[in-house]
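Numbering (full-length UniProt numbering), first residue to last: 1 to 163.
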């Protein structure tokens, strides 16, 4: 199964639309957004032909965000434990590095997917793969927005630059 991973779109509609187009071209069956969508109008861009899951980021203060997402997908709140074809995935925005490290070290998940730092990451620790697809570019982080495609059958994570 192919799963799209993204985070930290921060109301940039062009990047959100390009991310959706990338996921559609990649044939993903589900998309996981790791938070900081920000406003309901940006969330609506992800109403596409795939299952959609999102967690809350530290900039997701719009009260209607959860309602909007729940109209076409699932808003999980602070974190989520998702299972795709027997692969366990923890999703958390990532505001606490201690919590991210605990999720990875727990050994309970095949993947821990997070955002917040705006830096793409793929590291394996003790059988768990820690992934951050990246975020809206800003100084000190990634200079280009990226998304990732997780292939649960192949066990691969491919990063795709969105410009």
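The C-beta atom is built at its ideal place from N, Cα and C for all residues, glycine as well.
Because the structure is a prediction, the values reported are computed rather than measured.
Give the C-beta separation of residue i and residue j to the nearest angstrom, bearing in mind that I take them to be a contact with Cβ-Cβ under 8 angstroms.
i: residue 28; j: residue 50; result: 5 angstroms
i: residue 150; j: residue 3; result: 4 angstroms
i: residue 171; j: residue 128; result: Nothing can be reported for residue 171: it is not among the residues displayed for the chain, which extend from 1 to 163.
Residues in its own chain within less than 6 angstroms of residue i by CB, not counting five upstream and five downstream?
i: residue 74; result: 53
i: residue 59; result: 36 and 38
Kindly indicate which three-state DSSP category residue i falls into: helix, strand or coil?
i: residue 25; result: helix
i: residue 50; result: coil
i: residue 152; result: coil
i: residue 159; result: strand
Check the Cβ-Cβ distances between residue i and every residue of chain E, and say whether any is below 8 angstroms.
i: residue 89; result: No chain E appears in this structure, which consists of one protein chain only.
Counting only the same chain and skipping the five closest in sequence on each side, list residues whose C-beta sits under 8 angstroms from that of residue i.
i: residue 160; result: 22, 26, 146, 147, 148 and 149
i: residue 62; result: 38, 39 and 40
i: residue 109; result: 81, 88, 89, 90, 103 and 128
Which residues in the same chain have their Cβ closer than 7 angstroms to the Cβ of residue i, if we skip the five residues on either side of it in sequence?
i: residue 56; result: 35, 77, 78 and 93
Between the options, which has its C-alpha nearest residue i's C-alpha?
i: residue 83; options: 20, 17 and 32; result: 32
i: residue 139; options: 119, 124 and 64; result: 119
For this session: Tell me the start and end of each unbroken alpha helix (DSSP H) in the segment 58-107 that is at least 4 residues and wholly inside, in chain order.
Result: Correct list: 65-70 and 97-105.
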